[in-house]
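Numbering (the numbering used here), first residue to last: 3 to 339.
C-beta: ideal position from N, C-alpha, C; glycine also.
Note that the structure is a prediction, hence the values are computed from the model and not measured.
Take a look at the structure set out below.
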């Protein structure tokens, strides 16, 4: 079946159906316990969220941060439904998806919107069983995001080669695959290829490392690019490996970061950043904007890489063991651990 006829972003119906076999795992137990608590929650949709470039206590930062907790909660509910078949979790997933799809207005700010990826995965997991109008409204939201980001990327691809465009590309790719629109998928494929070639250097480092002098932003580039590559993998395409894409590649970026993630190398963060807001965040007491980089912030990326390619599973285990932080339970399920 061609990619544009499949109408899922990253978790295929077959993968979703296979999750029930992992019901007895510790990860599944944690997901179901959290989902049970989430049955008592109500959605907190906003027309617009905005935390990018703002400090806590300023503007709508705090309200947005609180509302955004709905997104991983919804994803957890969707996983619980797939693990158990319990329709209560499906109904609550539908309630949260519908609330956000009905109220939210895409903002064209990829940093504010990048974590909508949680809702994309939730839609993948439940789409066939959702009320049709909820599935349609939610898919339409992500298609609208894809269109807006692809229009920007096609018109401005020479203007931004840093992390903002990596997140634009991620949302464009996910939304295009959700839509099943052949033209959108082709545009998203081209946008991804362009971004990788201008964002990642021949040695595997990324532009943001030199602008921000921070591994924080290496991770923040590679997470969305790896997520988009996982969507392509789910549709039979390899956008990750150097052997398939040529150099540079996202695989090279992950491999460049590995010595830092596993503790072989260290880095003092933001010492020579050219962005004043980095110093402002440090002054405001936000963690991670000075001092040694903490490898625990790479756990999610290592989980995504391990989902992409089993060769990274030992590296994920090493980072988890060294930092005492484990990947999200749902991600560990998809990694197959």
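Quiz item: Helix, strand or coil: which one does DSSP assign to residue 208?
Solution: Strand at residue 208.
Self-check item: Pairwise C-alpha distance: residue 21 and residue 81
Solution: C-alpha separation (whole angstroms): 8 Å.
Quiz item: Are the beta-carbon atoms belonging to residue 180 and residue 122 less than 9 Å from one another?
Solution: Yes, Cβ-Cβ distance for residue 180 and residue 122 is below 9 Å.
Exercise. Could you check the C-alpha separation between residue 227 and residue 91 for me, to the nearest Å?
Key: One C-alpha to the other measures close to 30 Å.
Quiz prompt | Cutoff 8 Å; reference residue 277; Cβ partners in own chain excluding five residues on either side | solution = Result list for residue 277: 213 and 214, in chain order.
Exercise. Tell me whether residue 34 is buried or exposed, calling it buried when 16 or more other Cβ atoms sit within 10 Å of its Cβ.
Key: Counting Cβ neighbours within 10 Å, residue 34 comes out buried, since at least 16 surround it.
Quiz item: In terms of residues, what are the limits of the alpha helix (DSSP H) holding residue 122?
Solution: From DSSP, the alpha helix (DSSP H) with residue 122 extends over 119-128.
Quiz item: Whose C-beta lies closer than 7 Å to the C-beta of residue 110 among residues of the same chain, with five residues either side of it excluded?
Solution: Cβ-Cβ distances below 7 Å link residue 110 to 150 and 154 in the same chain, with the five nearest sequence neighbours on each side left out; the list follows chain order.
Quiz item: Could you give the uninterrupted runs of the beta strand (DSSP E) lying entirely in the segment 163-229, keeping only those of 3 residues or more?
Solution: Entirely contained in the segment 163-229, not one beta strand (DSSP E) run reaches 3 residues.
Quiz prompt | For residue 23 and residue 116, the rounded distance between their alpha carbons | solution = Cα to Cα, the separation comes out at about 30 Å.
Quiz item: Between the C-alpha atoms of residue 17 and residue 166, what's the straight-line distance to the nearest angstrom?
Solution: Cα to Cα, the separation comes out at about 30 Å.
Quiz item: So does the segment 317-331 actually touch the segment 93-101, counting three or more Cβ pairs closer than 8 Å?
Solution: As far as the Cβ criterion goes, the segment 317-331 does not touch the segment 93-101, which means the pair count is below three.
Practice problem: Could you pull out every residue in the same chain whose Cβ sits closer than 7 Å to the Cβ of residue 260, ignoring the five residues on either side in sequence? | Solution: Excluding sequence positions up to five before and after residue 260, its CB lies within less than 7 Å of the CB of 317, all in the same chain and listed in chain order.
Exercise. Taking only runs that begin and end inside the segment 240-274, name each unbroken alpha helix (DSSP H) of 4 or more residues, in chain order.
Key: Considered as a whole, the segment 240-274 harbours 244-247 and 252-263 as its complete alpha helix (DSSP H) runs of no fewer than 4 residues, in chain order.
Quiz item: So what's residue 47 in DSSP terms, helix, strand or just coil?
Solution: Looking at residue 47 - three-state DSSP - the assignment turns out to be coil, as it is neither helix nor strand.
Practice problem: Within the same chain, show all residues whose beta-carbon is closer than 6 Å to that of residue 253, passing over the 5 residues directly before and after it, in chain order. | Solution: Closer than 6 Å at the Cβ level, and outside the excluded window around residue 253, lie 242, 243 and 244.
Practice problem: Report yes or no: do three or more beta-carbon pairs, one from the segment 135-151 and one from the segment 177-197, lie closer than 8 Å? | Solution: A contact exists between the segment 135-151 and the segment 177-197.
Self-check item: Selected residue, minimal CA-CA separation from residue 320, among 240, 301 and 145
Solution: Among 240, 301 and 145, the Cα nearest to that of residue 320 belongs to 301.
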